[in-house]
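**Student:** Supplied in structure tokens, the structure appears directly below.
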């Protein structure tokens, strides 16, 4: 297979598929180019996307991090998508996932999957997009996300803090004990969120 | 809201944002264009991406479904990033169960158990968690699950639809081709399914 | 040891049966099933010794009970079988054939899995600038109810293992009971299961097979269609 490492196309494909922000060092490593070359590629992609009126996205830079995102004048799309895609009321599966995150959070996706017995990545994504949960990297394992209920949603429920949920201690303890007794010898493969 | 050639950009952004395949009807409704116009936009996006050598992705069509995907000559890049659950070798038990579900799905657990001769509830749970199969309630019996392989699994095998599996018809009908056998409702000690 | 680990380490009952039959280069037929019954029980015993989980043993016992039925019928053609048992025997034969076919189908999936995909798409709604869109009617109570549901399901999922355990214990008790009842004076097999149900008969047969393998009892059959007699082996001096 021909390795067109140096092309802008490869950079675009990388950011497209990866989704999350990537720093220049990692980009250079993935594309197997020097950091100098990488900078040139980034500039080239940036101006290509800006000048193409038929392109729906742009290169976004936060400090040293780069990410593909939809253009600001298409922001309505994201809003509309959320409303079209989700019914106002939560499905039983979504509610189930949300309750595990509420009582057990911050919690890794692998734990949610393990407790539910099914893959929860779609539902978690939907909960994130709806702003009902947030995620951040774990302290201990930097490449694993943890999920918890968003501040906005807590407020929406009329709760000052998560501990005010009905029977918080009870369900937290049951779910924690299940997690503690099962997860360590859990033979199921760990689902890494991001393969880097 | 401005439309004109911006709508190619909007289509691109929509597919980019959504990620999973979208059908033409849904796209038309979302962009607020007629199905005819939608077809024109789709063609326009298709040729734009194909002719742009600096573009890392293309429009992929499965039947009536459309999706953005990285170009085949950039496969080396995707393979670096592919998720762990699709990198791992399939164990014999996993392969056995997946094959049965692939050829016979949607299929009840009792049938999988029957063919394998072992209780499959744990391996099914593992496959669900790994995102290789999905399950939903049967049409006829609302309290019984049916299993089929996930869209991601199909994609990994490079199949547009399940019927593209080699010798699909032959194995699909295998249960009926052995007259002596009858699939019992519950041939093995039932572990209760988890009703959602 | 967990169920899944066991599963990878040991063959399933149908897989084992098929292997035994293929080893002898036989076709899948009732007679060949009778032929490999001994080998199957050897394997079952090996599993027991290795301490595999009860759920796995239970899967083997289901097949084992059918093999015993087949073996008894081949040894004692006069043994009357119910329609259901006849179906069971035919069923096992059919299942093995299906299993054999699916082993071939697996090769297709295996091959396709090995080839890395050429194209990659994005995950569902990957670029997530969150838009707050809460469900209107959700309250803390809604979440508590959902959490109760999760806990209930977990308990249900983990419970059935206890039931399987009881069945195995039942078999062990039966073995001990038979051994106590047997004396060194041979008695007929028919007499031992007089007035007992079919499932009892199967457990009894299994138990006797275990005892024979442990060389604690001996079984005799004078001629092919004669009654099988069972006796406790004299204690070695």
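Chains as they are written, first to last, in this note's numbering: chain A, 1 to 196; chain B, 1001 to 1196; chain C, 2001 to 2237. Heads up, the beta-carbon is just placed ideally off N, CA and C, and yes, glycines get one too. It should be emphasised that the depicted structure is a prediction, and the values quoted were computed from it without experimental measurement.
1) Provide the residue(s) that pair with residue 1058 of chain B in DSSP beta bridges, ordered along the chain.
2) I'd like to confirm the pairing. Which residues does DSSP put opposite residue 134 of chain A in its beta bridges?
3) In this structure, does DSSP put residue 192 of chain A in helix, strand or coil?
4) Measure the C-alpha to C-alpha separation of residue 2080 of chain C and residue 2229 of chain C and round it to an integer number of angstroms.
5) According to the neighbour-count rule (16 or more other Cβ atoms, all chains shown, within 10 Å of its Cβ), is residue 1113 of chain B buried or exposed?
6) Excluding the five sequence neighbours on either side, which residues of its own chain have a C-beta within less than 7 angstroms of the C-beta of residue 62 of chain A, listed in chain order?
7) For residue 2121 of chain C, list the residues DSSP reports as bridge partners.
8) Looking at residue 1012 of chain B: is its Cβ nearer than 8 angstroms to the Cβ of residue 56 of chain A?
9) Along chain B, in chain order, which residues have C-beta atoms closer than 7 angstroms to that of residue 99 of chain A?
10) Tell me, which residues are paired with residue 1108 of chain B by DSSP?
11) Compute the Euclidean distance between the alpha carbons of residue 1170 of chain B and residue 1103 of chain B, then round it to the nearest angstrom.
12) Start and end of the alpha helix (DSSP H) containing residue 2088 of chain C?
13) Are the C-beta atoms of residue 50 of chain A and some chain B residue less than 8 angstroms apart?
14) Just mark residue 2083 of chain C as buried or exposed, buried being the case when its beta carbon has 16 or more other beta carbons within 10 Å.
15) Can you give me, in chain order, the residues of the segment 2101-2125 of chain C that have a beta carbon less than 7 angstroms from any beta carbon in chain B?
16) What residues from chain A crowd round residue 2074 of chain C, counting only those whose CB sits closer than 8 angstroms?
17) Quick one: Cα of residue 2030 of chain C to Cα of residue 2015 of chain C, how far?
18) Have a look at the DSSP bridge pairing and note the partners of residue 22 of chain A.
19) How big is the Cα-Cα spacing for residue 1111 of chain B and residue 2057 of chain C?
20) Going by alpha carbons, who is nearest to residue 1077 of chain B out of C:2095, C:2139, C:2120, C:2061?
21) Using DSSP with H/G/I as helix, E/B as strand and the rest coil, what is residue 1032 of chain B?
22) Less than 7 angstroms between C-beta atoms, sequence neighbours within five positions excluded: which residues of the same chain meet that for residue 34 of chain A?
23) Please look up how many angstroms separate the CB atoms of residue 2139 of chain C and residue 157 of chain A, rounded, as I've assumed it's under 8 angstroms.
24) For residue 2042 of chain C, which residues in chain B fall below 7 angstroms Cβ to Cβ?
25) Where does the unbroken alpha helix (DSSP H) through residue 162 of chain A begin, and where does it stop?
26) Check this for me: beta carbons of residue 2087 of chain C and residue 2033 of chain C, under 8 angstroms apart or not?
27) From B:1097, B:1042, B:1137, B:1121, pick the residue whose C-alpha is nearest to that of residue 1201 of chain B; which is it?
28) Express the C-alpha separation of residue 1119 of chain B and residue 1087 of chain B in angstroms, rounding to a whole number.
29) Residues of the segment 111-131 of chain A with a CB closer than 8 angstroms to any CB of chain C: list them in chain order, please.
30) If residue 149 of chain A sits next to residue 117 of chain A, beta carbons under 8 angstroms apart, how far is it from one beta carbon to the other, in whole angstroms?
31) Beta-carbon separation of residue 107 of chain A and residue 147 of chain A under 8 angstroms?
32) At the level of alpha carbons, what is the spacing between residue 51 of chain A and residue 8 of chain A?
33) On the criterion of 16 or more Cβ atoms from any shown chain inside 10 Å, does residue 2050 of chain C qualify as buried, or is it exposed?
34) Does the beta-carbon distance from residue 1115 of chain B to residue 2099 of chain C come in below 8 angstroms?
35) Pick out whichever of B:1173, B:1091, B:1064, B:1135 has its Cα sitting closest to the Cα of residue 2110 of chain C.
36) Can you name the start and end residues of the alpha helix (DSSP H) that residue 84 of chain A belongs to?
**Tutor:** Answer, in terms of the structure:
1) B:1069, per the DSSP bridge assignment.
2) A:148
3) Bear in mind that the predicted position of residue 192 of chain A carries a pLDDT of just 31, short of 50, making it too unreliable to give a figure here.
4) 19 angstroms
5) buried
6) 21
7) B:1069
8) yes
9) Near residue 99 of chain A there are no residues of chain B at all, since even the closest Cβ is about 13 angstroms away, more than 7 angstroms.
10) B:1146
11) Computed Cα separation, rounded: 9 angstroms.
12) DSSP places residue 2088 of chain C inside the alpha helix (DSSP H), whose first and last residues are 2083-2114.
13) no
14) Per the 10 Å Cβ criterion, exposed.
15) 2101, 2102, 2105, 2106, 2108, 2109, 2110, 2112, 2113, 2115, 2116, 2117, 2118, 2119, 2120, 2121, 2122, 2123, 2124, 2125
16) Under the 8 angstroms cutoff, chain A gives no residues; its nearest Cβ is about 40 angstroms from residue 2074 of chain C.
17) 16 angstroms
18) Among the bridge pairs identified by DSSP, residue 22 of chain A is matched with A:66.
19) It is roughly 20 angstroms from the alpha-carbon of residue 1111 of chain B to the alpha-carbon of residue 2057 of chain C.
20) C:2120
21) coil
22) 28
23) 6 angstroms
24) Per Cβ cutoff of 7 angstroms: no residues; residue 2042 of chain C is ~18 angstroms from chain B at best.
25) Note, residue 162 of chain A: premise wrong, no alpha helix (DSSP H); not H, not E.
26) no
27) The structure shown does not extend to residue 1201 of chain B, since chain B spans only 1001 to 1196, so no value can be given for it.
28) 26 angstroms
29) 115, 116, 117, 121, 122, 125, 126, 128, 129, 130, 131
30) About 22 angstroms separates the two Cβ atoms, so there is no contact after all.
31) Cβ atoms of residue 107 of chain A and residue 147 of chain A: closer than 8 angstroms.
32) 15 angstroms
33) exposed
34) yes
35) When only C-alpha atoms are compared, the closest one is B:1091.
36) Here the alpha helix (DSSP H) through residue 84 of chain A covers 75-85.
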